[in-house]
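Be aware that the sequence shown starts at 917, since it is given in the numbering used here, and climbs by one per residue. Glycine included, every Cβ here is placed at the ideal spot set by N, Cα and C.
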Amino acid sequence: MKEINPKTTSRAYAFEMWMQAPMPMVTFFKRLDVSRLVKISRRKGLKFNMLMCYCIGRAATAVKEFYMLPVDEKLMQYDTIAVNTIVANCKGEVSSCDIPFSADLQQFNSDYLRLTKQVADSCIDHDLSQSSMVIGTSALAKYEIDGAVGMYSGIFNNPFLIWGRYKRSWLKTVLTVSFQFHHTQMDGMHAARFLDGLQREIDALKG
């Protein structure tokens, strides 16, 4: 990553307006049709959470604002994106695992399985925040929730998605996700575009 001058970017006004705001985070909620992911997960024996993280990464790469992030009151630019997932570790607690995004599903799945196992067995977080812009995720797959608003610590400004158990009906399977982002990084339009793109990536996933 490298520091960039906010005034030379499209985020100049947002940096001035929101960098010092006491609560600069915004949260959107969206109901996604994940019927295709469920079918592919069952047909190919792939983890649903991995497929969600893959589609999140694909959708994010189409929105240039994801490659910038406010860090320590500076605006940083990244060349790559990673997707974080929370892992249940061998001590019965949770650990954090950053997975480098690859547009190749087979490669991403391989990295996902290898790194989440490594973190689960060692109880040591796998952190890529110094080299990639990390999108956080937390899947509460055992529980039905209607939404969640993430905590703003003032330390981590990364975008973050949370979801619970998907809900089945006769016609489709739906999943409600919350998406929290720092207003310096992107505006509501960019966030909405990302969420629409996430639905398109889910619908277009080959399986």
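- Between V1003 and S1011, the gap from beta carbon to beta carbon is short of 7 Å.
- Taking the Cα positions, F1072 is about 15 Å away from F1095.
- Membership of T977 in the alpha helix (DSSP H) is indicated by the continuous run 964-977.
- Excluding its 5 nearest sequence neighbours in each direction, S1026 has no C-beta neighbour in its own chain below 8 Å.
- By alpha-carbon distance to A928, the top candidate from V979, L985, A1107 is L985.
- In this structure, V942 places its C-beta atom within 7 Å of the C-beta atom of F1097.
- Of G1052, D1043, H1106, the smallest CA-CA separation from F1076 is found for G1052.
- In the structure shown, T1092 falls within a strand segment according to DSSP collapsed to helix, strand and coil.
- Between C1039 and T1001, the gap from beta carbon to beta carbon reaches 7 Å or more.
- As computed with DSSP, L948 is found in a beta bridge with L1091.
- For N1000, the beta-bridge partners assigned by DSSP are D1014.
- Inter-segment contact for the stretch 1078-1085 and the stretch 1056-1070 is present: three or more beta-carbon pairs are separated by less than 8 Å.
- Membership of F1076 in the beta strand (DSSP E) is indicated by the continuous run 1076-1079.
- In the structure shown, the three-state DSSP call for T925 is coil.
- Residue nearest to T924 within the set L991, S957, H1099 is L991 (criterion: CA-CA distance).
- Between A975 and G1113, the gap from beta carbon to beta carbon is short of 7 Å.
- Boundaries of the beta strand (DSSP E) harbouring T1053: 1049-1055, taken from the DSSP string.
- Sequence-distant Cβ neighbours of N965 in its own chain, meaning closer than 6 Å and more than five residues away, are A1055.
- The three-state reading of DSSP puts F1072 in coil, since its state is none of H, G, I, E or B.
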